[in-house]
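Report on the following structure.
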Amino acid sequence: MTAVQSDTLQVLKDILDEVAGVPAEDISLESSFIDDLGMDSLTIVSVFVLIQRRFGTDVPNDVFDRLTTVGQAVAYLEHGEIPA
Numbered sequence: 005m006t007a008v009q010s011d012t013l014q015v016l017k018d019i020l021d022e023v024a025g026v027p028a029e030d031i032s033l034e035s036s037f038i039d040d041l042g043m044d045s046l047t048i049v050s051v052f053v054l055i056q057r058r059f060g061t062d063v064p065n066d067v068f069d070r071l072t073t074v075g076q077a078v079a080y081l082e083h084g085e086i087p088a
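To convert a position in the sequence shown, counted from 1, into this note's numbering, add 4.
Have a look at this one:
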């Protein structure tokens, strides 16, 4: 994990704790927002609204729908693409 990835992951963990009440130690790059973290669709939308604000970026709906894990979100925020 690079320093940038580590920073991005930490911010995302902070957001997930703030919005969804998920402790940072329960979150990894492999964590699924729904299956592992138990988030519903409304909570996921709230998380991504805050991500857009904190990172100053737009996450288009077609991309948002395909970001199912924390790692995919980190990769998108850092590189602007979803890993295969």
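Ideal placement from N, C-alpha and C gives every residue a C-beta, glycine not left out. Fair warning: this is a prediction, and the values are worked out from it, not measured in the lab.
Checklist line | PHE52: first and last residue of the uninterrupted alpha helix (DSSP H) it sits in | finding: 45 to 59
Check: Is the distance from the Cβ of ARG58 to the Cβ of ILE19 below 8 Å?
Finding: yes
Check: For VAL23 versus LEU54, is the C-beta distance shorter than 8 Å?
Finding: yes
Next item on the list: If I'm right that LEU16 touches VAL74 with Cβ under 8 Å, what's the distance once you round it to whole angstroms?
Entry: 6 Å
Margin query: Quick check: what's the CA-CA separation for ASP62 versus LEU46?
Written below: 18 Å
Notebook entry, point to check: In terms of DSSP beta bridges, what is SER36 paired with?
Noted result: THR73
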